[in-house]
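Colleague: Residues in the sequence shown are numbered from 27 upward in steps of one, following my numbering. In this text, a Cβ means the ideal position worked out from N, Cα and C, and glycines have one as well. I'd like to ask you about the structure that follows.
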Amino acid sequence: MKVIANPEAPGTAAEGGGQLHKGERRGRSSTAIYTSRIIKAGALIADTLTLLQQWDPALPTGANLQRFRASNLFAKATRSRVEDILAIFRRRYVQDPQVVGALAWWVQHTSDGAALRRVLYFHAALADDLLGAVVTEVLGPRREDGQPGVSLADVLPALRDWQSEGRMAGAWNEDTLVRVGQGILATLRDFGLLEGVQRKRFVPFPVPPEAGAYVAFLLRQESPSGWNVLHDHRWRLLLLDVEGVERLLVDAHREGLLNYQAAGSVVRLDFPATDLGGYVRALVARAPAALGI
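This is the structure:
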């Protein structure tokens with residue numbers, strides 16, 4: 027992930043790159059190609075927790091994945107489905123070795139909790155540009171406008187627009203667009219952003235301070251500017267505007283998870299660790315109840 031700095035911020039310079047770039051629309055990339063992989067993906071929360079619980083940090087990535095293939099972790103799954111699950115898991119959580127190591131330690135030393143689920147969702151949305159685009163360009167605006175929820179009929183126009191703009195990886199027929207839309211809404215429901223069967227309703231989506239601190243640490247690793255972290259567009263994946271991010275960081279500061287100080291355009295953000303694995307250990311030590319222990 028790369029941070030895209032706001033060119034209007036004092037003392038910052040814009041950077042390129044990242045899984046979700048700043049485009050003309052909210053958080054949308056001008057270059058990202060959207061895939062239909064969400065049809066085979068979904069949230070996969072239970073499978074992800076199983077894989078992280080069994081992850082061996084002493085082994086390289088390939089050896090861990092081979093262990094999973096050879097084991098009976100997914101007894102009822104076909105071989106092709108196991109490969110689908112491993113491909114999704116790798117794309118979301120294994121691209122950066124420090125991420126999978128930190129998440130594995132988190133899962134192996136705590137029980138499942140709200141903060142962990144928000145973190146898993148954040149990585150999943152980062153790894154799938156189309157999922158992230160629907161959150162930032164369809165769900166987010168509808169929530170801000172006071173709409174009670176979202177349906178497939180609300181998502182399909184955006185998918186058709188992106189199709190006409192050549193955003194999709196290949197030509198999708200209407201059936202594929204519908205299946206992708208259904209897959210996205212089901213995934214967001216399972217991650218806790220929505221509820222319901224046909225017409226999905228918005229539900230409160232609070233971000234625990236521990237999850238916010240984790241995301242802030244990731245962003246801070248990419249940019250020395252606290253201002254950049256505060257204004258990073260990827261917070262929109264968590265349905266947070268700048269004011270919401272600031273409140274979250276203040277709460278994390280009060281709980282001793284990080285040091286956050288802001289005066290105008292000067293933002294200071296410090297953490298009690300220098301690497302992600304060390305920081306996750308610090309989070310668990312400082313806030314065990316919220317993290318699920």
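Leaving out five residues before and five after D180 in sequence, what residues of the same chain have Cβ atoms less than 8 Å from its Cβ?
Modeller: On the sequence shown, residue 180 is found 154 positions in, with the first residue counted as 1. Counting only Cβ-Cβ distances below 8 Å, and skipping sequence neighbours, we find V164 and R168.
Colleague: Figure out for me which residue from V133, R143 and T76 has the closest Cα to the Cα of I111.
Modeller: Residue numbering aside, residue 111 sits at position 85 when the sequence shown is read from its first letter. With distances taken between Cα atoms, I111 lies closest to T76.
Colleague: Buried or exposed for A128, going by 16 or more other Cβ atoms inside 10 Å?
Modeller: Looking up residue 128 in the sequence shown gives position 102. It is buried - the Cβ of A128 has at least 16 other Cβ atoms within 10 Å.
Colleague: Can you list, in chain order, the residues of its chain whose CB lies under 7 Å from that of G196, leaving out five sequence neighbours each side?
Modeller: One-based indexing of the sequence shown puts residue 196 at position 170. So the list is empty, once near-sequence residues are dropped.
Colleague: Taking the beta strand (DSSP E) that A288 falls in, what are its first and last residues?
Modeller: Locating residue 288 in the sequence shown gives position 262, where the first residue counts as 1. Start and end: N285 to A289.
Colleague: Where R144 and L264 are concerned, what is the direct C-alpha to C-alpha distance, given to the nearest angstrom?
Modeller: Residue mapping note: residue 144 aligns to position 118 of the sequence shown, counting from 1. Residue mapping note: residue 264 aligns to position 238 of the sequence shown, counting from 1. Roughly 8 Å separates the two Cα atoms.
Colleague: Starting from R143, follow the alpha helix (DSSP H) in both directions and report where the run begins and ends.
Modeller: Numbered from 1 along the sequence shown, position 117 holds the residue referred to as residue 143. It spans A140 to A153 - the alpha helix (DSSP H) in which R143 sits, taken as one unbroken run.
Colleague: From K48 to N98, what does the alpha carbon distance come to, in whole angstroms?
Modeller: Here residue 48 corresponds to residue number 22 of the sequence shown, with the count starting at 1. Here residue 98 corresponds to residue number 72 of the sequence shown, with the count starting at 1. Reliability of the predicted coordinates at K48 is poor, the pLDDT of 34 falling under 50, and no value is obtained from them.
Colleague: Alpha carbons only, please: which of A140, R118 and A130 is nearest the one belonging to A150?
Modeller: Counting from 1 along the sequence shown, the entry for residue 150 is found at position 124. The shortest C-alpha to C-alpha distance from A150 to any of A140, R118 and A130 is the one to R118.
Colleague: Look up V255 in the DSSP assignment and say whether it is helix, strand or coil.
Modeller: Sequence index remark: in the sequence shown, residue 255 carries index 229 (1-based). V255 falls in the helix class under three-state DSSP.
Colleague: According to the Cβ coordinates, are T202 and S62 closer than 7 Å?
Modeller: For the purposes of this step, residue 202 is taken as the residue at position 176 of the sequence shown. For the purposes of this step, residue 62 is taken as the residue at position 36 of the sequence shown. In contact: T202 and S62 (Cβ atoms closer than 7 Å).
Colleague: Taking only the alpha-carbon atoms, compute the straight-line gap between L78 and S291 and give it to the nearest angstrom.
Modeller: Against the sequence shown, residue 78 aligns to sequence position 52. Against the sequence shown, residue 291 aligns to sequence position 265. Distance between the alpha carbons of L78 and S291: 39 Å.
Colleague: To the nearest angstrom, how far is it from the Cα of F115 to the Cα of F231?
Modeller: Along the sequence shown, read from residue 1 onward, the residue named residue 115 stands at position 89. Along the sequence shown, read from residue 1 onward, the residue named residue 231 stands at position 205. Answer to the nearest angstrom: the Cα atoms are 23 Å apart.
Colleague: Quick check: the segment 270 to 277 against the segment 80 to 99, are there 3 or more CB pairs under 8 Å?
Modeller: Taking 8 Å as the limit for Cβ pairs, the verdict is that the segment 80 to 99 does not touch the segment 270 to 277.
Colleague: Alpha carbon to alpha carbon, how far is A72 from E281? Give it in angstroms, no decimals.
Modeller: In the sequence shown, residue 281 corresponds to position 255, counting from 1. In the sequence shown, residue 72 corresponds to position 46, counting from 1. So the alpha carbons of these two residues sit roughly 29 Å apart.
Colleague: Under a three-way DSSP split, which group does V176 fall into?
Modeller: Taking the sequence shown and counting its residues from 1, the one referred to as residue 176 is at position 150. The three-state secondary structure of V176, taken from DSSP, is strand.
Colleague: Measuring straight from C-alpha to C-alpha, what distance separates V293 and A103?
Modeller: The residue you call residue 293 lines up with position 267 of the sequence shown. The residue you call residue 103 lines up with position 77 of the sequence shown. Rounded to the nearest angstrom, the two C-alpha atoms are 49 Å apart.
Colleague: Report back the beta-carbon spacing between A242 and L309 to the nearest angstrom; my notes put them in contact at under 8 Å.
Modeller: Residue numbering aside, residue 242 sits at position 216 when the sequence shown is read from its first letter. Residue numbering aside, residue 309 sits at position 283 when the sequence shown is read from its first letter. Contact doesn't hold; Cβ gap of about 11 Å is too wide.
Colleague: Can you name the start and end residues of the alpha helix (DSSP H) that R117 belongs to?
Modeller: As a working note, residue 117 is residue 91 in the sequence shown. Neither: R117 is in no alpha helix (DSSP H) and is coded neither H nor E.
Colleague: Could you say which of V120, I59, V160 and A130 lies nearest to G303 if we only look at CA atoms?
Modeller: As a first step, residue 303 must be located in the sequence shown, where it is residue number 277. Nearest C-alpha to G303: A130.
Colleague: Please work out which residues of its chain come closer than 6 Å, Cβ to Cβ, to I59, disregarding the five sequence neighbours upstream and downstream, and give them in chain order.
Modeller: Numbered from its first residue, the sequence shown carries residue 59 at position 33. Contacts found: A195.
Colleague: F94 to P83, Cα distance in whole Å?
Modeller: For this step, residue 94 is matched to residue 68 along the sequence shown. For this step, residue 83 is matched to residue 57 along the sequence shown. Cα to Cα, the separation comes out at about 14 Å.
Colleague: DSSP state of V13, grouped into three classes?
Modeller: Because the chain in this structure spans residues 27 to 319, residue 13 falls outside the shown range and cannot be described.
Colleague: Please report the straight-line C-alpha distance between K66 and L220, rounded to a whole angstrom.
Modeller: In the sequence shown, counting from the first residue as 1, residue 66 sits at position 40. In the sequence shown, counting from the first residue as 1, residue 220 sits at position 194. Cα to Cα, the separation comes out at about 20 Å.
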